[in-house]
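Residue numbers (the working numbering), protein chains in the order written: chain A, 1 to 335; chain B, 336 to 668; chain C, 669 to 982.
Cβ atoms here follow ideal geometry from the backbone N, Cα and C, with glycine treated the same way.
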Amino acid sequence: MTSTELLRAEHLTRHFKIGGVLSRRTLHAVDDVSFGIGDREIVALAGESGSGKSTIARVLARIYAPTSGEIYFEGKPVSAIRSRRDRLRYSGLVPMVFQDPFGSINPVFRVQHGVLRSLKLHRPELSAGQRREEAERVFEVVGLGADMLERFPHELSGGQRQRVGFAQALAMRPRLILADEPVSMLDVSIRIGLLNLMAGLRDAQGVSILYITHDIASARYVADRLIVMYAGQIAEEGPIEEVLAHPKHPYTQLLLSAVPDPRAALSVAAETDRGEPPKVIDPAPGCRFRWRCPLAIDVCAQVTPVLAELAPDHQAACHVARAEAAAAPAEKVEQ
Amino acid sequence: MSEVLEVSGLSVDYAADRGDVRAVDDVSFTLDRGEFLGIVGESGCGKSTLLFAVAQLLSAPARIAAGSVTFQGTNLVGLTDKQLSAVRWRDMSVVMQSAMNALNPVKSIGAQFTDAMRAHGKPSRDEIAARSAEVMRMVGIDPVHLGSYPHQLSGGMRQRSMIAMAMLFTPDLVIMDEPTSALDVVAQRSLMAQIKELQLSFGFAVIFVTHDMSLISHFSDRLMVMYAGQVDEFGPTRTVFDRPQHPYTRGLLEAFPSIRGPKVPLKGIPGSPPDLAAPPAGCRFHPRCPYAVDRCARVEPDLFELDEALVRCLRREDGSLPAPAGQDGSMRR
Amino acid sequence: MSIPLSLGQPAGEPRRQSTFPAASHALARMGRAVRSNRKATVGTVLLVFFILVAVFPGVIAHDNPSLDAYKPHLGPSTAHLLGTTAYGQDMFAQLVWGTRNVMIIAFTVGLATTGIAVLVGVAAAYLGGLWDSSLGVLTDVLLVIPLFPLLIVIAAYAHGGGTLLLIVVITVTSWSYTARQLRAQALTLRSRDFLQAARVRGERRLYIIVMEVIPTMTSLIVASFLTNALYAILFASSLQFIGLGDPDTVSWGTMLYWAQNNAALQTGQALWAIAPGACIAVLGAAFALLNYAFDEIGNPALRPVRRSKRVRSA
Chain A
1 MTSTELLRAE HLTRHFKIGG VLSRRTLHAV DDVSFGIGDR EIVALAGESG
51 SGKSTIARVL ARIYAPTSGE IYFEGKPVSA IRSRRDRLRY SGLVPMVFQD
101 PFGSINPVFR VQHGVLRSLK LHRPELSAGQ RREEAERVFE VVGLGADMLE
151 RFPHELSGGQ RQRVGFAQAL AMRPRLILAD EPVSMLDVSI RIGLLNLMAG
201 LRDAQGVSIL YITHDIASAR YVADRLIVMY AGQIAEEGPI EEVLAHPKHP
251 YTQLLLSAVP DPRAALSVAA ETDRGEPPKV IDPAPGCRFR WRCPLAIDVC
301 AQVTPVLAEL APDHQAACHV ARAEAAAAPA EKVEQ
Chain B
336 MSEVLEVSGL SVDYAADRGD VRAVDDVSFT LDRGEFLGIV GESGCGKSTL
386 LFAVAQLLSA PARIAAGSVT FQGTNLVGLT DKQLSAVRWR DMSVVMQSAM
436 NALNPVKSIG AQFTDAMRAH GKPSRDEIAA RSAEVMRMVG IDPVHLGSYP
486 HQLSGGMRQR SMIAMAMLFT PDLVIMDEPT SALDVVAQRS LMAQIKELQL
536 SFGFAVIFVT HDMSLISHFS DRLMVMYAGQ VDEFGPTRTV FDRPQHPYTR
586 GLLEAFPSIR GPKVPLKGIP GSPPDLAAPP AGCRFHPRCP YAVDRCARVE
636 PDLFELDEAL VRCLRREDGS LPAPAGQDGS MRR
Chain C
669 MSIPLSLGQP AGEPRRQSTF PAASHALARM GRAVRSNRKA TVGTVLLVFF
719 ILVAVFPGVI AHDNPSLDAY KPHLGPSTAH LLGTTAYGQD MFAQLVWGTR
769 NVMIIAFTVG LATTGIAVLV GVAAAYLGGL WDSSLGVLTD VLLVIPLFPL
819 LIVIAAYAHG GGTLLLIVVI TVTSWSYTAR QLRAQALTLR SRDFLQAARV
869 RGERRLYIIV MEVIPTMTSL IVASFLTNAL YAILFASSLQ FIGLGDPDTV
919 SWGTMLYWAQ NNAALQTGQA LWAIAPGACI AVLGAAFALL NYAFDEIGNP
969 ALRPVRRSKR VRSA
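Written as structure tokens, this is what we have:
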């Protein structure tokens with residue numbers, strides 16, 4: 001763990017009990033996930049539904065407590081946060097922006113309500129007038145005019161509402177924003193504006209962002225690093241250009257081939273895979289992707305693969321990829 | 336007759352306190368047997384309303400204000416429910432956006448198929464069972480799932496069941512309203528391929544509405560781009576992709592970040608779609624158009640023909656806006 | 669990459685800036701809605717009329733309703749607009765003064781029932797767990813007991829107690845239905861992102877319940893109030909009619925009681941029964957109309973479609 005890392009998750013696990021009161025079945029939403037987020041960095045957490053990406057966001061936001069594992073924020077363990085003051089401080093430094101522009105703002109209040117409440121709770125030293133000024137400032141930063149403060153949510157478009165969500169987060173002077181699929185429910189032509197805003201927040205405001213998405217193309221547009229999740233575990237992670245150019249995990253390769261790109265020819269591989277991510281209930285050991293994997297070998301059914309560095313700063317959890325990486329330098333030597 | 340559907344001058348109005356709002360403005364197109372038409376647009380463009388109008392599923396306060404929908408020689412506008420039921424599901428079926436909303440949550444899939452079949456004939460129990468199993472296999476689902484309830488199936492399987500249900504009578508036209516939007520990218524791609532395969536096997540025409548232009552690019556024969564209730568561009572898919580004429584189409588195509596090739600900063604299309612109760616004067620897109628001039632705010636452009644496509648743009652019409660360069664690496668289908 | 673500037677007009681009607689707080693904006697919007705919706709207008713006019721009568725009965729009726737100084741069995745005349753009862757009391761005065769009793773019952777029961785239901789229902793939904801289960805048991809027990817027989821039993825035990833007893837009895841037996849409804853709606857709101865957003869920014873639970881959840885439920889709460897007020901009138905009048913209220917109270921229900929006792933309909937004094945009955949019906953209709961109107965205002969899909977004569981040019 002580097003001391004410059006803003007946030008570090010170590011062996012994060014979150015299980016849910018499912019079934020009735022007497023049931024002993026557990027849903028493994030997140031299993032043994034470790035990753036780090038640095039300063040001024042946008043990390044994309046990509047995966048299909050059921051991959052655990054939203055659960056991770058909620059664990060980081062302390063909506064859920066981890067079943068096991070630890071989160072270190074600014075070097076200190078998050079589980080040590082007990083007092084209301086510390087909890088408030090953490091929620092101001094690590095706020096969350098939600099997916100649904102129509103459900104994430106209270107419809108009965110003007111849009112300034114959330115921002116002003118955030119300021120009241122997290123920056124109590126400000127007077128009412130200063131709060132108002134600060135609300136205007138963050139609205140300007142996210143690209144909404146100060147005159148928007150008095151509007152009601154139903155008067156704003158979806159894209160503008162998402163900007164309000166970012167304004168609410170910014171008002172608390174965060175260090176890391178957890179953005180849970182912030183553009184998925186917006187029109188395509190509006191998404192770019194929000195993505196540009198996120199990049200701007202990283203560059204000009206120095207805020208890191210954990211960008212949760214199922215859309216790899218948008219991840220590439222804003223993110224510096226990419227973490228690919230499958231069935232509650234990390235399949236692959238690394239600098240985004242490197243991972244997209246040389247995907248090591250078969251799941252990453254499948255995802256990339258399924259992304260519709262009008263300029264490229266149709267790829268066959270993704271057509272045969274039905275896109276049925278598993279519900280991970282009381283899983284047996286072994287790779288969780290093996291049933292869909294065209295490259296699966298015997299060991300995949302017996303041993304759960306762990307993340308291993310297969311190229312500089314580029315990790316993947318796959319037996320086959322690991323074997324290939326080990327063999328490659330040997331081949332080079334032979335030649 | 337190779338023409339399956341002819342929509343002529345179709346307009347749909349929503350009654351509102353302050354005067355009717357025109358949600359679909361004078362849309363015309365024809366659809367040949369086995370043709371795949373994609374309709375693309377964003378929120379508020381009227382594409383879903385258009386779809387519902389064609390399928391005769393509009394309910395108050397919406398109503399067809401003008402135009403005709405001629406399906407296999409008969410104008411559907413103005414027919415009673417009883418007259419329409421002869422056509423519904425047998426010759427024309429509909430696949431909705433969200434299976435969880437369209438399927439009955441308290442009935443098994445098989446029971447819903449039975450309902451559909453009984454509504455249009457008197458098949459025996461064996462005939463129902465055989466056909467239900469057959470359509471499920473067509474979409475790649477094990478017929479054992481006929482006994483399942485919708486919530487027991489995954490999202491992808493539910494959407495496939497919807498398509499199976501639409502295939503019960505092998506209609507000549509299947510209308511689809513964003514059937515893949517609730518699915519993840521791999522399931523989306525798989526479902527699209529399945530739809531295309533079925534279409535090629537059985538030869539039915541498809542009208543496919545979506546907001547995701549890149550999704551439809553490999554599957555549709557012709558593409559219609561809608562904005563603020565009007566058709567802004569309409570032509571063969573490859574033509575629209577390779578040589579987008581309308582500034583909105585160009586903006587849309589540029590709003591998709593690519594995972595291959597160089598990383599470029601994109602702009603999207605700033606602004607929002609207009610309020611149809613008070614649309615902008617002149618061209619409806621001009622407030623958001625990077626190429627707009629004074630005339631665009633005063634004169635309403637009509638559709639005109641240009642390079643195999645129909646376009647609604649003053650500056651393309653008079654040539655003051657240059658034609659688009661062909662896209663690099665464009666692949667012919 | 670540069671940060672894009674403000675993005676043009678939003679879809680939807682642009683509103684003028686207002687410095688009023690949200691509450692008065694809501695009132696202004698309600699006023700507009702009432703004027704534009706026919707049901708709301710009629711209901712409001714009727715309700716306001718009855719409220720005025722209840723507040724200023726002396727202005728309209730100059731006689732003392734309980735005074736039995738007049739000649740009995742008189743028909744309508746200029747001196748006695750509805751005639752007199754079998755006991756020589758002025759019927760019109762009784763009707764007018766009785767309005768006060770009815771309105772007090774309606775509003776008190778309406779407010780109390782809805783208030784309890786809000787507390788119990790919303791708290792149960794938001795707090796969940798053991799709170800939800802125990803409050804749920806309490807609610808369900810009261811829900812299952814048949815209401816009217818229970819009312820009769822309690823009122824009979826109390827030997828014709830006054831208006832206050834009526835109010836208490838009806839409130840205690842009526843709140844559970846509304847509590848269930850409000851709990852159900854609060855449950856649907858619980859998963860809404862804006863509540864999670866409030867929690868994540870550090871709000872306390874009580875604040876969230878009072879300031880974030882309840883304001884979004886106002887239309888259901890108002891509708892509940894109107895329904896409960898309506899049923900309060902009907903139940904109270906019914907109890908008074910069968911003699912379980914205090915028969916000396918001046919009220920529409922007690923008028924019916926005395927009219928029934930004197931076989932008013934059979935002995936040519938039909939007005940004695942019809943007048944209070946009609947008032948109950950009209951006031952009930954006022955509440956019902958307002959209820960429908962609020963539904964329509966809150967849910968545009970329910971509004972009747974009126975084809976506008978002006979066609980908007982494209």
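Does any CB atom of chain B fall closer than 8 Å to the CB of residue i?
i: A/Glu334; result: Bear in mind that the predicted position of A/Glu334 carries a pLDDT of just 48, short of 50, making it unreliable; the figure below should be weighed with that in mind. Taking Cβ atoms only, chain B never reaches closer than 8 Å to A/Glu334, which makes this a no.
i: A/Tyr211; result: no
i: A/Arg225; result: no
i: A/Ser208; result: no
Helix, strand or coil: which one does DSSP assign to residue i?
i: C/Gly680; result: Legend: pLDDT at C/Gly680 = 34, less than 50; position of this residue unreliable, no value from coordinates given.
i: A/Gly165; result: helix
i: B/Met414; result: Contrary to the premise, residue 414 of chain B reads as Leu rather than Met in this sequence. B/Leu414: coil per DSSP, three-state reduction.
i: C/Leu735; result: coil
i: A/His28; result: strand
i: A/Arg319; result: Here residue 319 of chain A is His; the residue named in the question, Arg, does not match the sequence. Residue state, collapsed to three classes: helix.
Can you find a C-beta in chain C that's less than 8 Å from the C-beta of residue i?
i: A/Val108; result: yes
i: A/Asp100; result: yes
i: A/Ala44; result: no
i: A/Ala61; result: yes
i: A/Pro285; result: no
Where does residue i land, buried or exposed, given buried means 16+ other C-beta within 10 angstroms?
i: B/Gly344; result: exposed
i: A/Phe35; result: buried
i: C/Ile813; result: exposed
i: B/Asp637; result: exposed
i: A/Trp291; result: exposed
i: B/Ala397; result: buried
i: A/Ser91; result: buried
i: A/Met1; result: Here the model assigns A/Met1 a pLDDT of 45, short of 50, so the residue's position is not dependable, and the following value carries that caveat. The residue is exposed, with fewer than 16 neighbouring Cβ atoms inside 10 Å.
i: A/Gln112; result: buried
i: B/Ser525; result: buried
Along chain A, which residues have their Cβ under 8 Å away from the Cβ of residue i?
i: C/Thr884; result: Asn106, Pro107, Val108
i: C/Glu880; result: Asn106
Would residue i count as contacting chain A if we go by Cβ distances under 8 Å?
i: B/Gly586; result: yes
i: C/Gly796; result: no
i: B/Asp547; result: yes
i: B/Val342; result: no
i: B/Ser496; result: no
i: C/Gln762; result: no
i: C/Ile876; result: no
i: C/Gln853; result: no
i: B/Ser489; result: yes
Run down chain B in chain order and give the residues with a C-beta less than 8 Å from the C-beta of residue i.
i: A/Leu255; result: Val520, Val521
i: A/Ala217; result: Phe591, Pro592, Ser593, Ile594
Name, please, each residue of chain A whose Cβ falls closer than 7 Å to the Cβ of residue i.
i: B/Lys602; result: Ile192
i: C/Arg860; result: Gly103
i: B/Ser443; result: Result: empty, since nearest Cβ-Cβ is about 20 Å, beyond 7 Å.
Would you mind telling me which residues of chain C sit closer than 7 Å to residue i, beta carbon to beta carbon, in chain order?
i: A/Leu88; result: Gly870
Got a sec: does the ligand PLP put a non-hydrogen atom nearer than 7 Å to the Cβ of residue i?
i: B/Pro440; result: The ligand PLP is not part of this structure, which contains no ligands at all.
Anything in the region 166–194 of chain A with a Cβ closer than 7 Å to a Cβ of chain B? List those residues in chain order, please.
-> Asp187, Val188, Ser189, Ile190, Arg191, Ile192, Gly193
Residues from the region 113–135 of chain A in contact with chain C, defined by Cβ distance under 9 Å = His113, Gly114, Arg117, Ser118, Leu121, His122
Can you list, in chain order, the residues of the region 365–386 of chain B whose Cβ is nearer than 7 Å to any Cβ on chain A?
-> Glu377, Ser378
Got a sec: which bits of the region 531–561 of chain B sit with their beta carbon under 8 Å from any beta carbon on chain A, in order along the chain?
-> Within the region 531–561 of chain B, the residues whose Cβ lies closer than 8 Å to some Cβ of chain A are His546, Asp547, Met548, Ser549, Leu550, Ser552, His553, listed in chain order.
Give, in chain order, every residue of the region 389–404 of chain B whose Cβ lies closer than 7 Å to some Cβ of chain A.
-> none
Using a Cβ-Cβ cut-off of less than 7 Å, list which residues of the region 602–632 of chain B approach chain A; keep chain order.
-> Lys602, Gly603, Ile604, Pro605, Ser607
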